[in-house]
Amino acid sequence: KGMFPEDHQQYIGMYWGAVSSSCTCEVVESSDVVICVGAVWTDYSTTGYSLLLKPEKMIRVDKNRVTIGHGPTFGCIVMADFLEALAAKITANDTGHVIFKRMVLPTTEPPVQAPGEMLRTTVLYKHIQHMLTPTTSLISEVGDSWFNTLKLKLPPGAEYELQMRYGSIGWSVGAVLGYCCAERQSHPDRRVVACIGDGSFQMTAQEVSTMLRYGVDPIIFLINNGGYTIEVEIHDGPYNVIKNWDYTGFVRALHNGDGNLWTAEARTEPELESAIAEAVQRRGQLCFIMVVTHRDDCSKELLEWGSRVAAANSRKPGVPSH
Numbered sequence: 001k002g003m004f005p006e007d008h009q010q011y012i013g014m015y016w017g018a019v020s021s022s023c024t025c026e027v028v029e030s031s032d033v034v035i036c037v038g039a040v041w042t043d044y045s046t047t048g049y050s051l052l053l054k055p056e057k058m059i060r061v062d063k064n065r066v067t068i069g070h071g072p073t074f075g076c077i078v079m080a081d082f083l084e085a086l087a088a089k090i091t092a093n094d095t096g097h098v099i100f101k102r103m104v105l106p107t108t109e110p111p112v113q114a115p116g117e118m119l120r121t122t123v124l125y126k127h128i129q130h131m132l133t134p135t136t137s138l139i140s141e142v143g144d145s146w147f148n149t150l151k152l153k154l155p156p157g158a159e160y161e162l163q164m165r166y167g168s169i170g171w172s173v174g175a176v177l178g179y180c181c182a183e184r185q186s187h188p189d190r191r192v193v194a195c196i197g198d199g200s201f202q203m204t205a206q207e208v209s210t211m212l213r214y215g216v217d218p219i220i221f222l223i224n225n226g227g228y229t230i231e232v233e234i235h236d237g238p239y240n241v242i243k244n245w246d247y248t249g250f251v252r253a254l255h256n257g258d259g260n261l262w263t264a265e266a267r268t269e270p271e272l273e274s275a276i277a278e279a280v281q282r283r284g285q286l287c288f289i290m291v292v293t294h295r296d297d298c299s300k301e302l303l304e305w306g307s308r309v310a311a312a313n314s315r316k317p318g319v320p321s322h
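Just so you know, we're using the UniProt record's numbering here: the sequence shown kicks off at 1 and counts up by one.
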């Protein structure tokens, strides 16, 4: 996500097996040939090894080799050279795209919440969608933030980062720091927006201190739902419930009167709207917004993905994954 412009007329979404973008899975898995460029096949990226891609219909293009179907594999082939040569030989065929346009339905936004109603995750990301600009760099933490941010439509020029291969919980806090420092040197007009769950934040929260030290100005959404939601959907247990912190108080303690910091808490939709409106105006300040959602409020994609990964994890030793 983010490598191909989402406003391109031939963009149909993200393929991730059963948790793909609307209608994307059906088009990809029914194709005559699927060209996989730099694909990494893990339990996470394959939704628990449940993809319905037939190997005999695949051309796998890796950095220095190409594999066609079940074989043969050709080595010493540079990916860029192969793709350039392939593009020159392919005959245009819009069948798949025509089928996609027949099936896909326009996306809808969740309705406005009732006064005082607890903030829903879908409503949170509706408002994050509205705040994205071509100069936004969106960073997603491991967990339900994966699935919710992947559904957002990136404006042309917006950047997107997540950590998928190892599922390293807490990765995003340090990544926000590094990304902000790099962008300040190369693209000072850009601003980092991060979506981080409370469980992940507790792993690496001290990096906020370094953010304040170096004066970077991300907007951090801390999603407080009381636990490791992604782990709940894979294998629930009491170990997935965490100690609730005073997150804004914690960040202010790190600030300790030194640095540029602004914090807010949102438990309802009006509070969220107000916090976002204020944060986008506060350039030069680290803006930390804690949003409180229900423990069981997660995306349908996480429910699906979690059940499939759990099934893959529970298979008996010696049973092949695919």
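Ideal Cβ placement from N, Cα and C applies to all residues, glycine included.
Name the DSSP beta bridge partners of residue i, please?
i: Val192; result: Ser137
i: Phe4; result: Answer is none; Phe4 lacks a bridge partner.
i: Phe288; result: Ile220, Thr263
i: Arg65; result: Gly75
i: Gly197; result: Ile223
i: Arg60; result: Cys36, Thr67
i: Trp16; result: Ala18
Between residue i and residue j, is the Cβ-Cβ spacing less than 7 Å?
i: Lys286; j: Asp217; result: A small fix is needed here, since residue 286 is Leu in this sequence, not Lys. A contact, by the Cβ cut-off of 7 Å.
i: Tyr49; j: Ala312; result: yes
i: Gln10; j: His97; result: yes
i: Arg267; j: Leu119; result: yes
i: Ile289; j: His127; result: no
i: Leu24; j: Gly38; result: A quick correction: the sequence has Thr, not Leu, at residue 24. Not closer than 7 Å, so no.
i: Thr47; j: Val19; result: yes
i: residue 332; j: Val123; result: In the structure displayed, the chain extends from 1 to 322; residue 332 sits before or after that span and is not available.
i: Leu254; j: Ser209; result: yes
i: Val173; j: Asn224; result: no
i: Met79; j: Lys63; result: yes
i: Asp7; j: Pro156; result: yes
i: Val61; j: Phe74; result: no
i: Ala310; j: Ile230; result: no
i: residue 327; j: Phe100; result: There is no way to answer for residue 327, as the model of the chain reaches only from 1 to 322.
i: Ser299; j: Asn148; result: yes
i: Thr121; j: Asp297; result: yes
Give the C-beta separation of residue i and residue j to the nearest angstrom, bearing in mind that I take them to be a contact with Cβ-Cβ under 8 Å.
i: Lys57; j: Leu150; result: About 25 Å; that fails the 8 Å criterion.
i: Ala158; j: Leu177; result: Actually they are not in contact, since the Cβ atoms of Ala158 and Leu177 sit about 20 Å apart, beyond 8 Å.
i: Ile59; j: Cys36; result: 7 Å
i: Gln202; j: Trp245; result: 7 Å
i: Ile219; j: Arg190; result: Not quite, the Cβ-Cβ distance comes to about 12 Å (not below 8 Å), so this is no contact.
i: Gly284; j: Asn260; result: 6 Å
i: Glu161; j: Tyr179; result: 7 Å
i: Arg295; j: Gly226; result: 5 Å
i: Leu52; j: Glu29; result: 5 Å
i: Gly170; j: Thr204; result: 4 Å
Does residue i have its Cβ less than 7 Å from a Cβ in chain B?
i: Asp7; result: Any reference to chain B falls outside this structure, which holds one protein chain only.
Contact between the stretch 248-260 and the stretch 182-199 (3+ Cβ pairs under 8 Å): Flag = no, the stretch 248-260 and the stretch 182-199 do not touch.
Three or more C-beta pairs below 8 Å linking the stretch 192-201 and the stretch 130-143: Contact between the stretch 192-201 and the stretch 130-143 is established, with three or more Cβ pairs separated by less than 8 Å.
Sequence ranges, beta strand (DSSP E) only - wholly within the stretch 68-112, length at least 3: Within the stretch 68-112, the complete beta strand (DSSP E) runs of at least 3 residues fall at 73-75.
Those runs of the beta strand (DSSP E) which lie wholly inside the stretch 124-170 and span at least 3 residues: Listed in chain order, the complete beta strand (DSSP E) runs (minimum 3 residues) inside the stretch 124-170 are 136-140, 159-162.
Length at least 3, wholly inside the stretch 211-249: the beta strand (DSSP E) runs in chain order: Runs of the beta strand (DSSP E) inside the stretch 211-249: 219-224.
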